[in-house]
Each structure stands twice: as structure tokens, then as C-alpha cells.
Amino acid sequence: EDKVVQSPLSLVVHEGDTVTLNCSYEVTNFRSLLWYKQEKKAPTFLFMLTSSGIEKKSGRLSSILDKKELFSILNITATQTGDSAVYLCAVEGNTGNQFYFGTGTSLTVIP
Amino acid sequence: EAQVTQNPRYLITVTGKKLTVTCSQNMNHEYMSWYRQDPGLGLRQIYYSMNVEVTDKGDVPEGYKVSRKEKRNFPLILESPSPNQTSLYFCASRLRLSSYNEQFFGPGTRLTVL
């Protein structure tokens, strides 16, 4: 059965801390892995990773994929209260017609 | 503005009363999809469509129908809603199946079935 597992389920940190969110997967015919941020509304896209070992970076956020070990991490440095959200990991399988989402990691950043 | 729109945004209904949630995108995307989001279960795919008149089941299609008569619209139909279909529903679209690009999500429809 295809599945995506995220950890931890929730995280509370102080502003300025660095956090690492984890996503492991078992999906037939992996095609890509995507990270989304959800703030009480629709998920918004952060990164897409298709090749192993390549780091995607946008400001304080970065992500890397390990296709051999079947996991990805999302790093957020110097966290801010605006980073508080649920972070979703999704894996695209087969021919790109199905996406499998993890249950998300809820991040709370305290001032 | 490029976007995915859904209507209604909130709906409270009763068991058995047919309803339709509309979804429309203005980006000329070929691929569209419906998800439901439930606490502890994450986002689960209901149906998807790779293009006009081409639809297929996702992971949780029971109790739902879809149609894709036009490229921009992908309505979700609940013929006889039941309380276990109470959920937050998202429509999403993507440029095309074959390319590596992300899905864009609509604002969500919160459905309560009494």
C-alpha cells in the first residue's frame, strides 16, 4: 500500500530556532515529492523534488530528497511566527495521476 | 489572476439531499483533482481528471461522482450525502500530467452533512 508518513506530528519552537520536518514514503513508481504549507486555508506550494540529493532552497526554507532511503526533509532556519502552519508532504506516483499526502506536521512558532 | 475557485465555501445539508460543489480554474490546466481533508487522515484523493471527458477514481471515490465536460470546470457531485462525508474538500489543478509542476489548490469547501 502506498503511503507517506510525516514526523513529528506537531512541533512547538521559539522564534529564531531551526526546525527539521521529516517525510518518508513508500510509493510505487515514485515521480516527485512536493512540500506544501497550509495556514487554515488551501495548501500553498513550497518545493518540488524529483532527483535525489538536490537541495531546493527559498530564503530560510530548504529541502532535500534521498531517493535511496525514501525520505525528504524540510528545514526552516531562523523561524518566525509567520512560519506557524501545517506542513504537508505529498508524493506523486505512477504516471503522475495520483498524489499521496502525509497527515502533516503542525508547527507553532512562539514569539 | 490565476486561480482555482470553489463554490460554495461552506455548506450544511441533510442526509440524502443531492448537492454539487463547483470547481473552476482559469489557467487552462489539463489536470484537475478533488481531495477531502479529515483530521488525522490528511488529504485523500477522491477523483481526478486528466483532460476533458477523462476521469478516474482516486483513493476514496465511494459516494462521489464527477464530470469534466469543459476544461475549466470539474464539479463534485454527492448524489446522496451521508454524515461520513462531512469534511473539508479541496479542488486542485495542474498544467498537465506529463510535466513536472505543482498542483494549485482552491480555497476549500467545508461540508457538514447532518
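Protein chains in written order, with our numbering: chain A, 1 to 111; chain B, 1001 to 1114. Where is the CB? At the ideal position from N, CA and C, for every residue including glycine.
Using beta carbons (cut-off 8 Å, strictly below), is residue i in contact with chain B?
i	result
A/G82	no
A/T105	no
A/T108	no
A/F93	The sequence given here places Gly at residue 93 of chain A; Phe does not occur at that position. Judged by the 8 Å Cβ criterion, A/G93 is not in contact with chain B.
Could you give the first and the last residue of the continuous beta strand (DSSP E) run that contains residue i?
i	result
B/T1005	1004-1007
B/D1056	1054-1057
A/H14	10-14
A/F101	98-101
A/S7	3-7
B/N1051	1042-1051
A/L70	First-last for A/L70: undefined, no H or E at that position.
A/Q80	From DSSP, A/Q80 is part of no beta strand (DSSP E); its letter is neither H nor E.
B/A1092	1087-1094
A/A42	Taken as a continuous stretch (DSSP letters only), A/A42 belongs to no beta strand (DSSP E), as it is neither H nor E.
A/K57	55-58
B/Q1037	1031-1038
Since residue i and residue j should fall inside the 8 Å C-beta cutoff, what is the C-beta to C-beta distance between them, to a whole number of angstroms?
i	j	result
B/R1044	B/Y1035	6 Å
A/V91	A/V27	4 Å
B/P1081	B/V1113	4 Å
B/S1093	B/V1004	5 Å
A/I76	A/E15	No, A/I76 and A/E15 are not in contact; Cβ-Cβ is about 11 Å, not under 8 Å.
B/R1068	B/T1055	6 Å
A/K57	A/L46	At roughly 11 Å, the Cβ-Cβ gap does not stay under 8 Å, so A/K57 and A/L46 are not in contact.
A/S24	A/L70	6 Å
Alpha carbon to alpha carbon, how far is residue j from residue i? Give it in angstroms, no decimals.
i	j	result
A/F30	A/F101	13 Å
B/K1057	B/L1076	12 Å
A/S122	A/S63	Because residue 122 of chain A is not part of the residues shown, which for chain A are 1 to 111, the question remains open.
B/Y1064	A/K3	23 Å
A/T105	B/A1002	28 Å
B/L1019	A/A78	46 Å
A/V86	A/L107	6 Å
B/Y1010	B/T1109	5 Å
A/Y98	A/Q80	Going by the sequence as given, residue 98 of chain A is Gln instead of Tyr. Roughly 33 Å separates the two Cα atoms.
B/N1007	B/F1074	11 Å
B/N1101	B/G1040	27 Å
B/F1104	B/V1014	30 Å
B/D1038	A/K40	13 Å
A/K68	B/G1016	48 Å
B/N1026	A/S32	25 Å
So, is the C-beta of residue i closer than 8 Å to a C-beta in chain A?
i	result
B/G1063	no
B/G1058	yes
Please find out if some non-hydrogen atom of the ligand PLP comes closer than 7 Å to the beta-carbon of residue i.
i	result
A/T81	Although the ligand PLP was asked about, the structure shown includes no ligands whatsoever.
Is residue i close to chain E, meaning its C-beta is less than 8 Å from at least one C-beta of that chain?
i	result
A/L88	Protein chains A and B are contained in the structure displayed, whereas chain E is not.
Practice task
Scan the region 11-44 of chain A for residues whose Cβ lies nearer than 7 Å to a Cβ of chain B and list them as they occur along the chain.
Solution key: Listed by position, the residues of the region 11-44 of chain A near chain B (Cβ gap below 7 Å) are S32, L34, K41, A42, P43.
Handout entry: Contact residues within the region 1035-1052 of chain B, judged by C-beta distance below 9 Å to chain A
Key = Y1035, Q1037, P1039, G1040, L1041, G1042, L1043, R1044, Q1045, Y1048, M1050
Exercise for the section: Mind checking the region 58-89 of chain A against chain B and listing, in chain order, the residues whose C-beta falls within less than 9 Å of any C-beta there? Expected result: Residues passing the 9 Å Cβ filter: L88.
Exercise for the section: With 8 Å as the limit, tell me which residues of the region 1094-1108 of chain B have their beta carbon closer than that to any beta carbon of chain A; keep them in chain order. Expected result: L1097, S1098, Y1100, N1101, E1102, Q1103, F1104, F1105, G1106, P1107, G1108
Exercise for the section: Please name the residues in the region 1069-1095 of chain B whose beta-carbon is closer than 7 Å to at least one beta-carbon of chain A, in chain order. Expected result: Those residues of the region 1069-1095 of chain B that come within reach of chain A (Cβ to Cβ, closer than 7 Å) are F1090.
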